[in-house]
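Only one structure is covered here, and it is reproduced in the block below.
There are 2 protein chains.
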Amino acid sequence: MADETRKRIAIDMDEVLVDTLSQFIGEYNREFGECISKDHLSRRKLAEIIPADRRPRLRNYALAPGFFRDIPPMPGSTEVFAELRERYEVFIATAAMEFPTSFNEKYAWIKAHYPDFPDSHIVFCGDKGVLATDFLLDDSPRQLARFGGSPFLFSAPHNHDEHRFPRLDDWADVRRQFL
Amino acid sequence: MADETRKRIAIDMDEVLVDTLSQFIGEYNREFGECISKDHLSRRKLAEIIPADRRPRLRNYALAPGFFRDIPPMPGSTEVFAELRERYEVFIATAAMEFPTSFNEKYAWIKAHYPDFPDSHIVFCGDKGVLATDFLLDDSPRQLARFGGSPFLFSAPHNHDEHRFPRLDDWADVRRQFL
């Protein structure tokens, strides 16, 4: 076992550590000259509020070089993430298999935003049930349901009706829960 | 937790599922017109039996496009790996952070050799202590020491003097142990 006494927390990237939804909205607004913001979504997914014939474009955005590298951090995440690293053994756990370019771009994102984050604590995995951490912070109910430790749901428009897991609405909530 | 009653086994790629050492030797022989084989290594690392001024070349091989994509499977692995998948929930767990091109190439390797292997069960991680599987099959004593489940050491020239873990010499040994 690791020579490490701190509790271990795994943190998802998309929609938790990084604001993937804003990146999608930005690309969409740019292409179609719209001004959609997160507030317009309420509890709906972006794909649900745009014309059906434009929906396939969303996948194209994610496949374009740079999409995952240039995603902004989730508001409020940077400071709290740094604080978490002082108190916990932190892993970044993210799926990257759906979009082939995203391996290198997600890795580059982490290195750009947290240059001293250790490679050893970056995990690309499609099934978070494989993680042996104490906590998992994720926006995906499916992943949280498979996880063997204590799950925490990070709020996103798509998971508003999910009630099985303790919910954290934003990074201020993360701080209150873990720090 | 996963809705899965089979035991879970994580299998390393380099030097276990794939014959990375042979790939290094092949590149070296090609560049320098040598005929080194694994038998020449005995218990030594490749870097130890070649002239010191050529050692930096090894890292270059691993950085070259195609190196990780074209590695041959470890002898005897293909059939036993398929049998393991029938009896166990199998994860492929490999580090890829040291060589930037290796994310996509390792992923491509898996897809080429096991087209039906699920993305969800591919894990890129630098610290195998994060894996929540029952077993880990790896050539690295350092990784096995961090793992919380039952570790098995897959023999490689570099780990010959390691005695802390149950040892499996080849894929026939893997079959005897797990099937």
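These protein sequences, in sequence, are chains A and B. Per my numbering, the first sequence runs over residues 3 to 181. Per my numbering, the second sequence runs over residues 3 to 181. A virtual CB, placed ideally from N, CA and C, is assigned to each residue, including glycine. Everything numeric in this text was worked out from a predicted model, so none of it was measured.
Helix, strand or coil at residue i according to DSSP, with G and I counted as helix
i: E50 of chain A; result: helix
i: P168 of chain A; result: coil
i: L23 of chain A; result: helix
i: L65 of chain B; result: helix
i: D72 of chain A; result: coil
i: V132 of chain A; result: helix
i: A95 of chain B; result: strand
i: P143 of chain A; result: helix
i: V176 of chain A; result: helix
i: S152 of chain B; result: strand
i: R45 of chain A; result: coil
i: R181 of chain A; result: Looking at the sequence provided, one finds Leu at residue 181 of chain A rather than Arg. Correct three-state label for L181 of chain A: coil.
i: A12 of chain A; result: strand
i: V125 of chain A; result: strand
i: F137 of chain A; result: strand
i: R57 of chain B; result: coil
7 Å CB neighbourhood of residue i in its chain, flanking five on each side removed
i: Y63 of chain B; result: F26, E29 and F69
i: R46 of chain B; result: P159
i: M76 of chain B; result: V18, L19, V20, D21 and W173
Short CB-CB distance (under 8 Å) between residue i and chain A
i: R8 of chain B; result: no
i: P199 of chain B; result: With chain B covering 3 to 181 only, the question about residue 199 of chain B has no answer from this structure.
i: G150 of chain B; result: yes
Residue i at chain B interface by Cβ criterion, 8 Å
i: V132 of chain A; result: yes
i: D129 of chain A; result: yes
i: M76 of chain A; result: no
i: F105 of chain A; result: yes
i: T135 of chain A; result: yes
Proximity below 8 Å, CB of residue i to CB of residue j
i: V176 of chain B; j: V92 of chain B; result: no
i: S24 of chain B; j: P67 of chain B; result: no
i: L181 of chain B; j: E85 of chain B; result: yes
i: D16 of chain A; j: L139 of chain A; result: no
i: H123 of chain B; j: G128 of chain A; result: yes
i: F149 of chain B; j: G131 of chain B; result: yes
i: A134 of chain A; j: A134 of chain B; result: yes
i: R71 of chain B; j: W111 of chain B; result: yes
i: T96 of chain A; j: F137 of chain A; result: no
Proximal residues to residue i (C-beta, below 6 Å), its chain only, five neighbours per side dropped
i: F105 of chain A; result: A98
i: M3 of chain A; result: Low per-residue confidence applies at M3 of chain A: pLDDT is 46, beneath 50, and the placement is therefore not dependable, though the value from the model is reported in the following sentence. So the list is empty, once near-sequence residues are dropped.
**Q.** Residues from the stretch 10-36 of chain A in contact with chain B, defined by Cβ distance under 8 Å
**A.** Residues of the stretch 10-36 of chain A that bring their beta carbon within less than 8 Å of a beta carbon in chain B comprise R10 and A12, in sequence order.
**Q.** Cβ-based contacts, 9 Å cut-off: residues of the stretch 114-127 of chain A near chain B
**A.** For the stretch 114-127 of chain A, which is checked against every Cβ of chain B, the residues closer than 9 Å are P120, D121, S122, H123, I124, V125, F126 and C127.
Q: Could you please tell me which residues of the stretch 83-97 of chain A, in chain order, have their CB closer than 7 Å to any CB of chain B?
A: Cβ contacts with chain B come from F93.
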